[in-house]
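Trainee:
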Amino acid sequence: MTTPRPVIVGTGIAGLWTAWRLASEGQPAVVVTKETLADSASAWAQGGIAVALGPGDSPSQHAADTLAASDGLADPEAVRILTSEGPSRVYELLALGARFDRGLDGRLRLGLEAAHTQPRIIHAGGDRTGAALIGCLAQVIRCHPLIELLEHTEVVRLVEDGERVTGVIVLPGSGADYFLRASAIVLATGGVGQLYAVTTNPRVATADGWALAHRAVAELRDLEFLQFHPTALKLPGVNPAPLISEAVRGAGALLVDRAGRRFALDADARGELAPRDVVARAVAIADAAGGAWLDARAIADFPAVFPGTTAILTRHGLDPVHDLIPVAPALHYAMGGVLTDLQGRATRAGLWAAGEVASTGVHGANRLASNSLLEGLVFADRAGRALATELREQAPSGLPADQPVAALRRDAGADAACEPTLMEMRELMTANVGLQRSEGSLLHAEQELARFTGATPADAWRTHNQLLVARLITTAARRRRESRGGHRRSDYPPAALERESA
Ligand code: SIN
Numbered sequence: 200m201t202t203p204r205p206v207i208v209g210t211g212i213a214g215l216w217t218a219w220r221l222a223s224e225g226q227p228a229v230v231v232t233k234e235t236l237a238d239s240a241s242a243w244a245q246g247g248i249a250v251a252l253g254p255g256d257s258p259s260q261h262a263a264d265t266l267a268a269s270d271g272l273a274d275p276e277a278v279r280i281l282t283s284e285g286p287s288r289v290y291e292l293l294a295l296g297a298r299f300d301r302g303l304d305g306r307l308r309l310g311l312e313a314a315h316t317q318p319r320i321i322h323a324g325g326d327r328t329g330a331a332l333i334g335c336l337a338q339v340i341r342c343h344p345l346i347e348l349l350e351h352t353e354v355v356r357l358v359e360d361g362e363r364v365t366g367v368i369v370l371p372g373s374g375a376d377y378f379l380r381a382s383a384i385v386l387a388t389g390g391v392g393q394l395y396a397v398t399t400n401p402r403v404a405t406a407d408g409w410a411l412a413h414r415a416v417a418e419l420r421d422l423e424f425l426q427f428h429p430t431a432l433k434l435p436g437v438n439p440a441p442l443i444s445e446a447v448r449g450a451g452a453l454l455v456d457r458a459g460r461r462f463a464l465d466a467d468a469r470g471e472l473a474p475r476d477v478v479a480r481a482v483a484i485a486d487a488a489g490g491a492w493l494d495a496r497a498i499a500d501f502p503a504v505f506p507g508t509t510a511i512l513t514r515h516g517l518d519p520v521h522d523l524i525p526v527a528p529a530l531h532y533a534m535g536g537v538l539t540d541l542q543g544r545a546t547r548a549g550l551w552a553a554g555e556v557a558s559t560g561v562h563g564a565n566r567l568a569s570n571s572l573l574e575g576l577v578f579a580d581r582a583g584r585a586l587a588t589e590l591r592e593q594a595p596s597g598l599p600a601d602q603p604v605a606a607l608r609r610d611a612g613a614d615a616a617c618e619p620t621l622m623e624m625r626e627l628m629t630a631n632v633g634l635q636r637s638e639g640s641l642l643h644a645e646q647e648l649a650r651f652t653g654a655t656p657a658d659a660w661r662t663h664n665q666l667l668v669a670r671l672i673t674t675a676a677r678r679r680r681e682s683r684g685g686h687r688r689s690d691y692p693p694a695a696l697e698r699e700s701a
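Under my numbering, think of the first position of the sequence shown as 200, with each following residue one higher.
1. Any heavy atom of the ligand SIN closer than 7 Å to the CB of Arg681?
2. Quick check: does the Cβ of Gly246 come within less than 7 Å of any heavy atom belonging to the ligand SIN?
3. If we count the other Cβ atoms within 10 Å of its Cβ and call it buried at 16 or more, is Ser558 buried or exposed?
4. From Ala529 to Ala244, what does the alpha carbon distance come to, in whole angstroms?
5. Taking C-beta to C-beta, are Thr620 and Thr673 nearer than 8 Å?
6. Buried or exposed for Met534, please, with buried defined as at least 16 other CB atoms from any protein chain shown within 10 angstroms of its CB.
7. Which residues in the same chain as Glu347 place their Cβ atom closer than 6 Å to its Cβ, once the five residues preceding and following it in sequence are excluded?
8. Report the rounded CA-to-CA distance for Val556 versus Asp304, giving the unit in angstroms.
9. What are the partner residues of Glu347, as DSSP defines its beta bridges?
10. Using only the alpha-carbon positions, how far apart do Ala657 and Cys617 sit?
11. Can you give the Cα-Cα distance for Ala499 and His428, rounded to whole angstroms?
12. For Val632, which of Asp614, Asn438, Thr546, Leu425 has the nearest alpha-carbon?
13. Quick one: any contact between the region 321-328 and the region 489-509, if contact means 3 or more CB pairs under 8 Å?
14. Which stretch, first to last residue, makes up the beta strand (DSSP E) that contains Asp360?
15. Does the distance between the C-beta of Ser287 and the nearest non-hydrogen atom of the ligand SIN fall short of 7 Å?
16. Is Val369 closer than 8 Å to Val231 when the C-beta atoms are compared?
17. In this structure, does DSSP put Ala644 in helix, strand or coil?
18. Three-state secondary structure (DSSP) at Phe578?
19. Beta carbon of Ile320, beta carbon of Gly575: below 8 Å?
20. If we count the other Cβ atoms within 10 Å of its Cβ and call it buried at 16 or more, is Val416 buried or exposed?
21. Whose C-beta lies closer than 6 Å to the C-beta of Asn438 among residues of the same chain, with five residues either side of it excluded?
22. Does the distance from the CB of Thr265 to the CB of Ala273 come in under 8 Å?
23. Starting from Gly449 and walking both ways along the beta strand (DSSP E), at which residues does that stretch end?
24. Would you call the region 434-452 and the region 560-567 touching, i.e. three or more CB-CB distances under 8 Å?
25. Alpha carbon to alpha carbon, how far is Thr202 from Leu517? Give it in angstroms, no decimals.
26. By the DSSP assignment, the beta strand (DSSP E) with Phe501 in it spans what residues?
27. Which same chain residues end up closer than 6 Å to Pro227 when comparing Cβ atoms and leaving out the 5 residues on each side of it in sequence?
28. Have a look at Val526 and Ala491 and give me their C-alpha separation to the nearest angstrom.
29. Can you tell me whether Gly366 is helix, strand or coil according to DSSP?
30. Let me know the secondary structure DSSP gives Leu419 once reduced to three states.
31. Does the Cβ of Arg688 have 16 or more other Cβ atoms within 10 Å, making it buried, or fewer, making it exposed?
32. Step through the CB atoms of chain C and report whether any lies within less than 8 Å of the CB of Glu445.
33. In the DSSP assignment, the beta strand (DSSP E) including Ala621 goes from what residue to what residue?
34. For Leu453, which residues of its own chain have a beta-carbon under 7 Å away from its beta-carbon, when the five flanking residues on both sides are left out?
35. Identify, in the order they occur along the chain, each residue of the same chain with its Cβ nearer than 6 Å to the Cβ of His351, setting aside the five sequence neighbours on each side.
36. Within the region 463-497, note down every full alpha helix (DSSP H) run reaching 4 residues or more, in order along the chain.
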């Protein structure tokens, strides 16, 4: 019988950093990912890391901006931790070999983004920050003797023994499912974008972590707070939709409608750099009325500043130096998630969560731009340290006995046959639980989701997981009878809405 190790599910920045931190504390770990290390929202991240390193900036100013964006719902202590521990994590990344962009004076280049009062966004490789960071961490993880990596391996469910989560049933790409006993499970599975018709999230972002945690009776929080990015590339059949980073608007790109009119100022005096939900709704209105485009033609040296975006646009036959870029909102980020304490412990013994899947309290109802990679780093670090301490203190004899777990009998094709249901679900969620919600739309979504669930064969466990989370989001949105942050109820208009349209 092998000694149980922590099992980390997911290989975005939070999963990889947890594994690295555990290993650096002398604790072995198993890291499981559905596809490969290249397939995560972190690896795709174009935005950078917000961190208070500049002259005139401070963690407390960064905290104030984060709290303001959260629309009153963030936990000030979680935000203090996020912003004050961020600089140390960035220095550690530098020590691991991460190469952040620097100015001619050799100092880290600090960018400004919407709702930040100071330039504090660091990037790597221009708009390829995520790929650069994950590339750096992947090298460390792949050759670390204490870390075992299982790619192309899905987690089917968590296994419980009494009060405690004691392992996972995993399904490798080829072969039968098996029980992996674990001294702890760390969920780092990312977001929920694939529940919506258009998303910037990769194909793997199917809300698995929320479904696993809910089925294991761990508490979830704030599921209704979803962030739609205002400027995803809109081209027929292109989904996931590549992000056109907010940094492009930060560099001066303007939003125009089909008549060439700059429309963002109609919604908010801050125009293109108003909070994301405000800009996203303005873009949605323009899109519905004939289209919305980003005009980035005045940005000097666009291809050098945004090499990743330029490569994506070129692949789709667009040249940002001469062409307008068609855009529309897309589901981008989940602010809520698996409720954790400030060390990453979920409400079920043995279960932890870090990164987008978790609700640490740093985002409240809306996330400040470029705080997500930071959250992944800071709270994965805390989870790794706290878990390492627990494991050192845990007497081996105190661990639950190994137990046989019956393999699941499944029809391998059951989920594939449910793709039409999932397509309907995505359209339903976008139309009824999207940028604008109301009692009527949410009730309709709940009824339809219940119908889809009833018609889905029991074997289609992936489909059931997605339908479950869609229902949890919808119910949370129905319960919140107000407009706040990323959650806009047309039947409960916010005071801010009146201000915006005044
Ligand atoms: C962006 O660059 O617009 C996205 C970054 C983020 O989501 O924070």
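Ideal placement from N, C-alpha and C gives every residue a C-beta, glycine not left out.
Mentor: Checking against the coordinates, here is how it stands:
1. Looking at the sequence shown, residue 681 is not Arg but Glu. For the ligand SIN, not one heavy atom lies less than 7 Å from the Cβ of Glu681.
2. yes
3. buried
4. 15 Å
5. no
6. buried
7. So the list reads Val229, once near-sequence residues are dropped.
8. 38 Å
9. Val229
10. 11 Å
11. 24 Å
12. Leu425
13. yes
14. 352-360
15. no
16. yes
17. helix
18. helix
19. no
20. Per the 10 Å Cβ criterion, exposed.
21. Val397
22. yes
23. Unbroken run through Gly449 is the alpha helix (DSSP H), 445-449; no beta strand (DSSP E).
24. No, because fewer than three Cβ pairs between the region 434-452 and the region 560-567 fall closer than 8 Å, the two stretches do not touch.
25. 54 Å
26. Counting along the chain, Phe501 falls outside any beta strand (DSSP E), though it belongs to the alpha helix (DSSP H) covering 501-504.
27. Residues of the same chain with a CB within less than 6 Å of the CB of Pro227, apart from the 5 flanking positions on each side, are Arg204, Leu345 in chain order.
28. Approximately 6 Å between the Cα atoms of the pair.
29. strand
30. Leu419 falls in the strand class under three-state DSSP.
31. By the neighbour-count rule (16 or more Cβ atoms within 10 Å), Arg688 is buried.
32. No chain C is present in this structure, which holds just one protein chain.
33. The question names Ala, but residue 621 is Leu in the sequence shown. It is not in any beta strand (DSSP E) - Leu621 instead sits in the alpha helix (DSSP H) that spans 618-631.
34. Arg461, Glu471, Asp494
35. Within the same chain, Gly372 come within 6 Å of His351 by CB-CB distance, once the 5 residues on both sides are set aside.
36. 463-466, 475-487
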